[in-house]
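Please read the structure below before turning to the comments.
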Amino acid sequence: MVTDSDRLQVDRLKSVPFASASASAPASAAQVFAVLERPGHLEPFHPFCRENTAVVWDESERRDRIVYLNGLRLDRQFVQWSPGEGFELLIGGSVDKRSLVTWTLRDDSSASSTITITVRPYIYAGKPRVTSAAINRLWIGPRLTSYLTSVVNGLNQYLETGERVARNAWGSHPWFSR
0 MVTDSDRLQV
10 DRLKSVPFAS
20 ASASAPASAA
30 QVFAVLERPG
40 HLEPFHPFCR
50 ENTAVVWDES
60 ERRDRIVYLN
70 GLRLDRQFVQ
80 WSPGEGFELL
90 IGGSVDKRSL
100 VTWTLRDDSS
110 ASSTITITVR
120 PYIYAGKPRV
130 TSAAINRLWI
140 GPRLTSYLTS
150 VVNGLNQYLE
160 TGERVARNAW
170 GSHPWFSR
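Numbering that gives the first Met the number 0 numbers the first residue of the sequence shown as 0 and each following residue consecutively.
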């Protein structure tokens, strides 16, 4: 259940610097969402995911856990769900250290769409905007963008082939690979 505290956390994170990746997908937004709405949806396409387990997955609440290739475990709580359009979630190892992730889907035609994933890291909350922007531009942003690009590439490959994406398919990542 999304609490007032969760909503406040989302509101605070909406103003922090972010990293993002977008790509054209070989499927409509509805077809992409049909993949994303399944429990454990990250396992077939996420190149750094060892395991994605639903904790609660029903109409009123969605929460799951991702275990990365290096053993890092993060909990995901979905705070906004728009069928065919995307969702927002809070992800982190603890309630007070969660980042905001937004998945947005937009139809380009009946057979293609654009997928955008945006991450707003919790570490920027409460820090001066200039400092956060510099850290994001020089260090965190490029690494997050590389990570998000691999995830979007994995989803596209899965949509094209229906086959599970290989681990580290576009190279290893220092934060999530073994």
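Think of the CB as a built atom: it goes at the ideal place given N, C-alpha and C, for glycine as much as any other residue.
Exercise for review: Let me know the secondary structure DSSP gives Glu159 once reduced to three states.
Suggested key: helix
Point to revise | Assigned secondary structure, Ser169 (DSSP; H/G/I helix, E/B strand, else coil) | key: The sequence shown places Trp at residue 169, rather than the Ser named in the question. Coil, per DSSP.
**Study point:** As assigned by DSSP and simplified to three states, the class of Ala29
**Key:** helix
**Study point:** Supposed contact pair Ile116 and Val151 - C-beta distance, whole angstroms, cut 8 Å
**Key:** 6 Å
Check your understanding: How close, in whole Å, do the beta carbons of Ser145 and Ser27 come, if the pair is a contact with beta carbons under 8 Å?
Key -> Distance from Ser145 to Ser27 at the Cβ level is roughly 27 Å; contact not present, criterion being Cβ atoms closer than 8 Å.
Exercise for review: Find the nearest neighbour of Glu42 within the set Pro173, Gly161, Gly170 and Arg177, judged by alpha-carbon distance.
Suggested key: Gly161
Practice item. Compare the Cα-Cα distances from Arg61 to each of Arg49, Phe77, Thr130 and Gly70 and report the closest residue. Key: Phe77
Check your understanding: Given that a residue counts as buried once 16 or more other Cβ atoms are within 10 Å of its Cβ, and exposed if not, what is Ala133?
Key -> exposed
Practice item. Name, in chain order, the residues that DSSP records as bridge partners for Trp56. Key: Arg61
Review point. Counting along the chain, where does the beta strand (DSSP E) carrying Ser21 start and finish?
Key: From DSSP, the beta strand (DSSP E) with Ser21 extends over Ala18 to Ala24.
Point to revise | Residue range of the unbroken beta strand (DSSP E) whose run includes Leu89 | key: From DSSP, the beta strand (DSSP E) with Leu89 extends over Gly85 to Ser93.
Review point. Should Gln156 be labelled buried (16 or more other beta-carbon atoms within 10 Å of its own) or exposed?
Key: buried
Check your understanding: For Val140, which residues of its own chain have a beta-carbon under 6 Å away from its beta-carbon, when the five flanking residues on both sides are left out?
Key -> In the sequence under discussion, the amino acid at residue 140 is Gly, which differs from the Val named in the question. Cβ within range, chain order: Ala18.
Check your understanding: What is the residue span of the beta strand (DSSP E) that Leu104 lies within?
Key -> Lys96 to Asp106
Review point. Looking at Leu73 and Val9, is the spacing between their C-beta atoms short of 8 Å?
Key: no
Check your understanding: Hey, out of Asp95, Asn69 and Gly83, whose CA is closest to Ser171's CA?
Key -> Asn69
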